[in-house]
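There are 2 protein chains.
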Amino acid sequence: MGETSIERGRNARARLLTAARELIGELGWNAVSTRTLAERAGVRSGLVHYHFDSLQALLRHAALAEVQRMLDGTSALLARATSPSDGIERMLFDLDQYNGADPASLLFVETYLAATRDHELRQGMSALVADFRSSLTEALTRSGHPEPQAAASIVMALFDGFVLHKGLDQGLSAEDIAPLLRRVTSTEESRIPNTEEDGEQ
Amino acid sequence: MGETSIERGRNARARLLTAARELIGELGWNAVSTRTLAERAGVRSGLVHYHFDSLQALLRHAALAEVQRMLDGTSALLARATSPSDGIERMLFDLDQYNGADPASLLFVETYLAATRDHELRQGMSALVADFRSSLTEALTRSGHPEPQAAASIVMALFDGFVLHKGLDQGLSAEDIAPLLRRVTSTEESRIPNTEEDGEQ
DNA sequence: GATCGCCTTGGACGTTCGACCAAATACTAT
DNA sequence: ATAGTATTTGGTCGAACGTCCAAGGCGATC
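The listed protein sequences derive, respectively, from chains Y and D.
End of the first sequence = 731 in this note's numbering, gap-free, step of one.
End of the second sequence = 731 in this note's numbering, gap-free, step of one.
Here it is in structure tokens:
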């Protein structure tokens with residue numbers, strides 16, 4: 531019942547999204563055009579505005595879907611872990627899959643930046659990041675971490691910053707940040723006494 | 531001796547660089563055009579290619595100068611510190627000056643990304659980052675840190691990642707990552723025994 | 001006051017951009 | 001076959017883009 535035609539449409543739409551996912555990382559968010567997008571997807575440029583309201587809407591959709599895919603994958607990794615330290619090792623192994631210069635890594639950072647200038651994208655990203663933070667916080671809570679919320683924020687910032695630096699210095703390896711990560715996520719409280727005021731936030 | 535004319539030239543050039551510094555953060559690296567640049571600087575667009583070889587060359591120059599200014603400022607901060615923990619507190623205070631959405635923060639990340647696609651910019655950024663890493667490593671060595679090199683890499687990644695996240699969640703404060711930072715940069719070795727293989731890299 | 005050199009102007013060039021649309025095509029249901 | 005619906009095409013539109021350049025301005029030097 532009208533499926534072959536619709537299926538072709540779905541297929542073209544999917545190819546456009548795949549092309550966007552690749553090109554955002556390769557060229558940068560603002561350098562992706564309707565024409566390069568169509569060429570990569572193997573369709574004519576007019577199709578872009580048939581399947582999507584605008585070029586920005588296409589990029590938003592593709593970027594959010596890919597970020598969700600990556601974060602969900604890492605969440606699943608954590609859920610599958612047999613112990614806290616096992617979860618850390620899995621995340622470190624996962625982190626080394628991104629070399630900081632591949633389309634996936636760059637798409638992540640590009641989306642962060644684009645979100646600061648696109649209200650709708652910002653809301654979508656905030657929601658995804660908040661979800662992941664919850665997963666991570668929950669995992670840390672389960673393992674009895676004294677400050678799961680703070681530790682989750684730190685781990686996420688460290689991971690993203692690490693990917694950023696890796697794009698510049700390919701020599702970096704996840705093993706470089708491993709010692710610290712194991713310390714942060716450990717359940718033992720080995721706090722250093724503060725030298726100044728404390729408690730604000 | 532022919533200075534008024536030359537001074538005017540220097541002034542126009544400086545205003546172009548200032549405009550570039552602002553606009554890279556406001557609009558994004560790829561969205562800065564010769565015409566918006568000239569308008570912000572209060573000159574005509576033809577001047578861009580008199581003072582610079584190309585638009586990219588202008589952006590490169592402006593970005594590298596600003597990144598150097600920021601990193602040198604932080605290096606000076608460290609050098610002025612009276613003790614290791616004092617240095618950390620100074621860096622934390624400095625970090626809270628950037629809210630993650632201001633032109634300075636965004637220029638930093640934009641330059642990271644642009645460097646992955648521009649060979650000359652990449653070399654310049656690598657040099658600046660390496661210099662700063664040296665300053666930080668030296669400071670950590672002076673304070674007797676057992677692993678100054680690894681700690682420096684971690685602190686830098688954490689700082690940059692923190693700025694990235696702050697652009698999305700304005701609620702974050704430098705105090706959120708302070709406990710960890712104090713731990714990492716402390717001279718005490720409170721290592722957690724590794725659960726898996728160790729020693730590589 | 002003529003000459004020189006640097007700085008600046010204003011406009012032109014070819015290209016590419018996002019968006020839009022009428023016509024053509026492909027498939028389904030009657 | 002026919003009508004109806006969804007997808008695709010190919011092209012146009014005005015605007016903005018980077019780059020370039022001949023001409024003009026303007027203070028310093030002779």
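A virtual CB, placed ideally from N, CA and C, is assigned to each residue, including glycine.
Do you know how far the Cα of residue j is from the Cα of residue i?
i, j, result
"ALA611(D)", "ARG570(Y)", "54 Å"
"ARG545(Y)", "LEU643(D)", "26 Å"
"SER683(Y)", "LEU666(Y)", "9 Å"
"VAL714(Y)", "LEU588(D)", "42 Å"
"ALA609(D)", "ASP661(D)", "14 Å"
"LEU625(D)", "PHE689(D)", "8 Å"
"ALA595(D)", "ARG551(D)", "9 Å"
"ALA681(D)", "TYR580(Y)", "52 Å"
"ARG647(D)", "GLN653(D)", "11 Å"
"PRO519(Y)", "MET621(D)", "This structure does not reach residue 519(Y), given that chain Y is present from 531 up to 731, and the question cannot be answered."
"GLU668(Y)", "ASP632(Y)", "30 Å"
"GLU537(Y)", "PHE623(Y)", "38 Å"
"ALA606(D)", "HIS695(D)", "26 Å"
"LEU658(D)", "LEU636(D)", "17 Å"
"ASP640(Y)", "SER563(Y)", "A small correction: the amino acid at residue 640(Y) is Glu; Asp does not occupy that position in the sequence shown. If you take the alpha carbons of GLU640(Y) and SER563(Y), they lie about 15 Å apart."
"PRO614(D)", "ALA708(D)", "14 Å"
"SER716(Y)", "LEU710(Y)", "10 Å"
"GLY691(D)", "ALA568(Y)", "33 Å"
"ALA542(Y)", "MET655(Y)", "25 Å"
"LEU577(D)", "ARG540(D)", "12 Å"
"ASN629(D)", "THR534(D)", "40 Å"
Would DSSP call residue i helix, strand or coil?
i, result
"PRO723(D)", "Confidence is the limiting factor: at PRO723(D) the pLDDT is only 41, short of 50, which leaves the residue's position unreliable, though a coordinate-based value still follows. Here PRO723(D) sits in coil by DSSP."
"GLY539(D)", "helix"
"ARG663(D)", "helix"
"GLU677(D)", "coil"
"GLY701(D)", "coil"
"ILE684(D)", "helix"
"ASP632(Y)", "coil"
"SER563(Y)", "coil"
"ILE707(D)", "helix"
"ARG647(Y)", "coil"
"SER656(Y)", "helix"
"GLY558(Y)", "coil"
Give every residue of the same chain whose Cβ lies closer than 8 Å to the Cβ of residue i, excluding the five residues on either side of it in the sequence, and list them in chain order.
i, result
"ARG663(D)", "ALA682, SER683 and MET686"
Report all residues from its chain with a CB closer than 6 Å to the CB of residue i; omit the five preceding and five following residues, and keep chain order.
i, result
"LEU585(Y)", "THR564"
"PHE496(D)", "The requested residue 496(D) is not part of the displayed model; chain D covers only 531 to 731."
"GLY697(D)", "GLY630 and ALA631"
CB-CB under 7 Å to residue i, same chain, minus the five flanking residues each way: which ones, in chain order?
i, result
"ARG574(Y)", "ALA568"
**Message:** What ranges does the alpha helix (DSSP H) occupy inside the stretch 568-630 of chain Y, keeping only unbroken runs of at least 4 residues that lie completely in it?
**Reply:** Complete alpha helix (DSSP H) runs here, min 4: 578-581, 585-610 and 614-625.
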